[in-house]
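S.K.: One structure is given below, represented as structure tokens, and several questions about it will come after.
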Amino acid sequence: MERWHALCPNWALTLFFVLIVTLNVLCSYYGFSVVTKTMTLSTVPIVLILYFYKQRIMANIFSVIFALYFLGIIFNAFDQFSLSTKFSEWCFTGAYLLMVFVMLGKLKGVKLEGFVSWYLIVVFFISTYFVFLLFTGLKGSFQDTVILSLMVSKGVVLLVMAFLAFAIYLSKETAQSIIFLTVVCCFIFSDVSGFITTSYVQFWLFEAVQSIFQSIGLFMACIYVYNHHQPATRINGRKVFKSISHSSQMSVQS
175 MERWHALCPN WALTLFFVLI VTLNVLCSYY GFSVVTKTMT LSTVPIVLIL
225 YFYKQRIMAN IFSVIFALYF LGIIFNAFDQ FSLSTKFSEW CFTGAYLLMV
275 FVMLGKLKGV KLEGFVSWYL IVVFFISTYF VFLLFTGLKG SFQDTVILSL
325 MVSKGVVLLV MAFLAFAIYL SKETAQSIIF LTVVCCFIFS DVSGFITTSY
375 VQFWLFEAVQ SIFQSIGLFM ACIYVYNHHQ PATRINGRKV FKSISHSSQM
425 SVQS
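Residue numbers (the numbering used here): 175 to 428.
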């Protein structure tokens, strides 16, 4: 299997994903909420330890994104408190906004055909309209309008992030664009599952899906950042990232 990153072997990545899925499904099914929250909290330190073991540097903006997301997970673990939930939504929204800022820097040189551009615009506005309908529909049933506003704001930012990631993927179709699109999809599925669990029904499967996609999204984000800091060579017209042990260090400014 072709290596599309140098962070860890493909077999280790596959084993890690299988372990995440298995443990989260079992813990959610049997109601081990403490174990599930502990695994979710430990995801960010684990991926960062692995990252800095292989790579010594990280751009400031990525460091802030991981820090905000980690704080969001910590505050979310104490979701029985209204203030903690608000802080959690603020942290997640801030992390997503910074990810959008990263993607804005990638828009230079993006060229899309007229039909694809109009398709993306129409899909974005339709999705935004549905989010607005969701906000108006739930406004009366939510006791805390601040939390609802933060959730909807986070959803809009995720839509913008998905729009940018998909546009960049259609334009470039590189390994990095595919990885970032995967990260965005994972975070969307995770937040949608969390929203359903919080607002509609408390079901173990939704809790498992939220934790699974959140953990996978974080690990894929770590791979994206690692590739971002790696020098690359082209073999047969394709971009291949070198292993850190065979490349020189490269400082990146945010």
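Virtual Cβ for every residue (Gly too), placed ideally from N, Cα, C.
Going by DSSP, what residue range makes up the alpha helix (DSSP H) through T372?
M.R.: Counting along the chain, the alpha helix (DSSP H) containing T372 begins and ends at A349 to S373.
S.K.: State yes or no: is the C-beta of T267 within less than 8 Å of the C-beta of L324?
M.R.: Cβ distance < 8 Å, so T267 and L324 count as in contact.
S.K.: To test your reading of the DSSP string, which unbroken alpha helix (DSSP H) runs of 4 or more residues are found completely within the segment 230-301?
M.R.: Correct list: 234-250 and 256-278.
S.K.: Considering just the uninterrupted stretch of the alpha helix (DSSP H) at Y204, what are its terminal residues?
M.R.: Counting along the chain, Y204 falls outside any alpha helix (DSSP H), and DSSP gives it neither H nor E.
S.K.: What first and last residue would you give for the alpha helix (DSSP H) that runs through L332?
M.R.: First-last of the alpha helix (DSSP H) with L332: T319 to K346.
S.K.: Since L333 and V305 are thought to touch, with beta carbons under 8 Å apart, how far apart are those beta carbons, to the nearest angstrom?
M.R.: Right, their Cβ atoms sit about 7 Å apart.
S.K.: Between V435 and A382, is the Cβ-Cβ spacing less than 8 Å?
M.R.: Residue 435 lies beyond the residue range present for the chain, which begins at 175 and ends at 428; the question has no answer from this structure.
S.K.: On the criterion of 16 or more Cβ atoms from any shown chain inside 10 Å, does A443 qualify as buried, or is it exposed?
M.R.: Nothing can be reported for residue 443: it is not among the residues displayed for the chain, which extend from 175 to 428.
S.K.: When DSSP labels each residue in this structure, what does P183 get in the three-state scheme?
M.R.: It is coil, neither helix nor strand.
S.K.: Consult DSSP for Q384 and reduce its assignment to one of helix, strand or coil.
M.R.: Note: Q384 maps to helix in three-state DSSP.
S.K.: Would a C-beta distance cut-off of 8 Å place V331 and T302 closer than the cut-off?
M.R.: No. Outside cutoff.
S.K.: When the Cα atoms are used, what is the spatial distance from I248 to L257?
M.R.: Cα-Cα distance, rounded: 13 Å.
S.K.: Given the structure, does T372 come close to the ligand GTP, in the sense that its CB is under 7 Å from one of the ligand's heavy atoms?
M.R.: No copy of the ligand GTP occurs in the structure displayed, which carries no ligand at all.
S.K.: For the candidate residues C265, Y398 and V276, whose alpha-carbon lies nearest to that of T348?
M.R.: For T348, the nearest C-alpha among the options comes from Y398.
S.K.: May I have the straight-line CA-CA distance separating G391 from C360, to the nearest angstrom?
M.R.: Their backbone Cα atoms lie some 5 Å apart in a straight line.
S.K.: Would you kindly check if the distance between the Cβ of S364 and the Cβ of Q388 is under 8 Å?
M.R.: Cβ distance < 8 Å, so Q388 and S364 count as in contact.
S.K.: Let me check understanding here. Comparing Cα to Cα, which of W185, M335, Y243 and Y225 lies closest to C265?
M.R.: Comparing Cα-Cα distances from C265 to each of W185, M335, Y243 and Y225, the minimum goes to Y243.
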